[in-house]
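Anchor point for the sequence shown: position 168 equals 168 in full-length UniProt numbering, and the numbering is continuous, going up by one each time.
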Amino acid sequence: MEVFKAVAKQELAAHGSVAIRADQKSYSYKQLISSVHQISNLLCGNDVKGNLGGARIGIVAKPSAEFVAGVLATWFSGGVAVPLALSYPEVELLYVMNNSDVSAILSTEDHSELMQSIASKTSSQFFHIPPVPYKSLEKSKDSQNGESDADRIFLDNTLRSSEDPALILYTSGTTGKPKGVVHTHRSIIAQVQTLTKAWGYTSADQFLHCLPLHHIHEIHVHGLFNGLLAPLYAGST
């Protein structure tokens, strides 16, 4: 949860600063937090104080602003994010979902047909991840009274234990079935803070991210924690 809090604070500290650039579009911290709020409403039935109580949420999206928003929204809502590999065949997806007890799937539009079909074979609910608005729309999205999205939601829904599970990443399954590795909020923030301090990340830095985000291997954890979460924690792009 501390990672989400840090990202929310970046919106307050540097209004309009860019969090992510992808597919020739720029997404501000404000727009990222706004999307987190929107996705959380989907997961919690429009109750901003809702709590998923540790429910496992499958995330299906290419590396993108939508992937980031889906993970942060899951944490904000009290859920556990389970990134699902786009390269997995249906049988592997079903195995991971059943093994991790996924109760809902967040998917972008381009994978919705496959994931709705898979969801129908399990007890999982299906939700579309709405596109994150990009930076050219920001002026029209600003609050009229100067209150930010982070202001409104930060106080509503941040009471989470640092010992709660936050993320399940699966091994590649080279020598057997993929195995889920559970990361708590405490373990994630410890790694993120250590990396940020060791490398001296600041809000002036910009990162080129080319690594996968969906499963556990030393370079893939590096891609998710060091290449994505640590820069967001530091207010980088």
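By construction, the Cβ of each residue, glycine as well, lies at the ideal position given by its N, Cα and C atoms. The structure presented is a predicted model; accordingly, all values stated were derived computationally and were not measured.
Enclosing beta strand (DSSP E) for residue i [first to last residue]
i: I168; result: 165-170
i: residue 239; result: There is simply no residue 239 to check, as the chain begins at 1 and stops at 237 in what is shown.
i: I129; result: Where I129 is concerned, there is no enclosing beta strand (DSSP E), given that its DSSP letter is neither H nor E.
i: K121; result: Unbroken run through K121: none, as it is neither H nor E.
i: Y27; result: 25-28
i: T237; result: No beta strand (DSSP E) holds T237; DSSP gives it neither H nor E.
i: T184; result: 180-184
Cβ-Cβ distance between residue i and residue j below 8 Å
i: L94; j: I57; result: no
i: V80; j: L167; result: yes
i: P178; j: T171; result: yes
Terminal residues of the alpha helix (DSSP H) in which residue i lies
i: Y233; result: 230-234
Reduced DSSP category for residue i - H, G, I as helix; E, B as strand; rest coil
i: residue 239; result: Since the first residue shown for the chain is 1 and the last is 237, residue 239 is missing from the structure and cannot be characterised.
i: G70; result: helix
i: S148; result: Low local confidence applies: a pLDDT of 48 at S148 is under 50, so the model's placement there is unreliable, with the coordinate-based value given in what follows. It is coil, neither helix nor strand.
i: A55; result: coil
i: A81; result: strand
Inter-residue spacing [alpha-carbon to alpha-carbon] between residue i and residue j
i: A104; j: I39; result: 12 Å
i: P130; j: K62; result: 14 Å
i: S162; j: L52; result: 16 Å
i: V232; j: A6; result: At residue 232 the sequence reads Leu, which differs from the Val that was named. Roughly 8 Å separates the two Cα atoms.
i: I20; j: N99; result: 32 Å
i: F225; j: H37; result: 22 Å
Expected contact under 8 Å - CB spacing of residue i and residue j to nearest Å
i: T122; j: M97; result: 6 Å
i: V132; j: S35; result: 4 Å
i: A234; j: T202; result: 6 Å
i: A54; j: G78; result: The displayed chain sequence assigns Gly, not Ala, to residue 54. At roughly 7 Å, the Cβ-Cβ gap stays under 8 Å, so G54 and G78 are in contact.
Cβ-heavy atom distance, residue i to the ligand GTP, below 7 Å
i: T171; result: With respect to the ligand GTP, the structure shown offers nothing to examine, as it has no ligands at all.
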